Amino acid sequence: MSEFKVKVLESHFITHDVKRFVVERPEMYDFIPGQATEISINLPEWSGEKRPFTFTSLRDSKTLEFMIKIYHDHNGFTNALGKMNAGSEILLHDVFGAIHYEKPGVFIAGGTGITPFMAIFRDLYKNNKLRGNRLIYTNKTSEDIIMGRELLHMFKGDFINVLTREGTIGYIGKRIDRKFLIENIVDFSQHFYVCGPKDLVNDVIKNLIDLGANPATLVFEK
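Going by the working numbering, the first residue of the sequence shown is number 4, and it counts up by one from there.
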């Protein structure tokens, strides 16, 4: 297994609990948009601990970017990671992941499940290939939305913002259940990309298949 020591170049919070990290990129270190790596903290007390996080930067960027949810309620891995700023060191490992772009379709994301899609969206947008795709993005409240302005700029009218615990003008206040899918998706023969909490992914995948989606056109982390 490969291991690369890199420095944190930038770090700041982009929501109340999600921190953006920009780090050095090792030479010849490549990934497909949608993929992830495991990150370790280069401190003795965290040696041997590593967690998976998705690349959100463009594939040809000179640096790597991650958007990581920080859990402050316990002294765990992300809490320690949240204390790391420019100059700190982390360890990157091998690249992995099943999420990748195939054909235009509907992206369904919950919370930080948007992160595997960010590199895909940015790549498609840069190459003028995002049109024909739609995004359904669900969060508890408007404060939880990650990179909302950028997503709206890229998708414009093809972006459905869903909030489950807040009634706000401009957002759909309901859960992504079977009824929601029927009301918001016309064609179930297209590709679907799903990422988020395990229960959300399982429910969405089951409902999509029940509504006629071909399992071969469903892209998600199994």
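Just so it is clear, CB atoms sit at the ideal spot from N, CA and C, and this is done for glycine as well. All values reported here derive from a predicted model rather than from experimental measurement.
Quiz item: Excluding five sequence neighbours on each side, which residues of the same chain lie with their C-beta closer than 6 Å to the C-beta of residue 57?
Solution: Setting aside the 5 residues that flank it on each side, residue 57 is surrounded in the same chain by 39, 118, 119, each with a C-beta closer than 6 Å to its C-beta; the list follows chain order.
Quiz prompt | Same chain, Cβ closer than 6 Å to residue 73, five either side skipped, listed in chain order | solution = Result list for residue 73: 20, 22, 81, 85, in chain order.
Quiz item: Below 8 Å between beta carbons: does that hold for residue 147 and residue 61?
Solution: Their beta carbons are not under 8 Å apart, which means residue 147 does not touch residue 61 by this criterion.
Practice problem: Identify every residue that forms a DSSP beta bridge with residue 27. | Solution: According to DSSP, which records beta bridges pairwise, residue 27 is partnered with 66.
Self-check item: Beta-carbon gap between residue 93 and residue 45 smaller than 8 Å
Solution: In this structure, residue 45 lies closer than 8 Å to residue 93 by Cβ.
Quiz item: To the nearest angstrom, how far is it from the Cα of residue 137 to the Cα of residue 191?
Solution: So the two alpha carbons sit approximately 13 Å from each other.
Quiz item: Does the separation of the CB atoms of residue 149 and residue 18 fall below 8 Å?
Solution: Yes. Within cutoff.
Quiz item: Does the distance from the C-beta atom of residue 96 to that of residue 37 stay below 8 Å?
Solution: The beta carbons of residue 96 and residue 37 sit no closer together than 8 Å.
Self-check item: Cβ shell of residue 203 (< 6 Å), same chain only, five flanking positions each side left out
Solution: So the list reads 113, once near-sequence residues are dropped.
Quiz item: Nearest-angstrom Cα distance between residue 133 and residue 124?
Solution: Cα to Cα, the separation comes out at about 7 Å.
Practice problem: Sort 55, 29, 183 by Cα distance to residue 41 and report the nearest one. | Solution: Nearest Cα to residue 41 within the set 55, 29, 183: 55.
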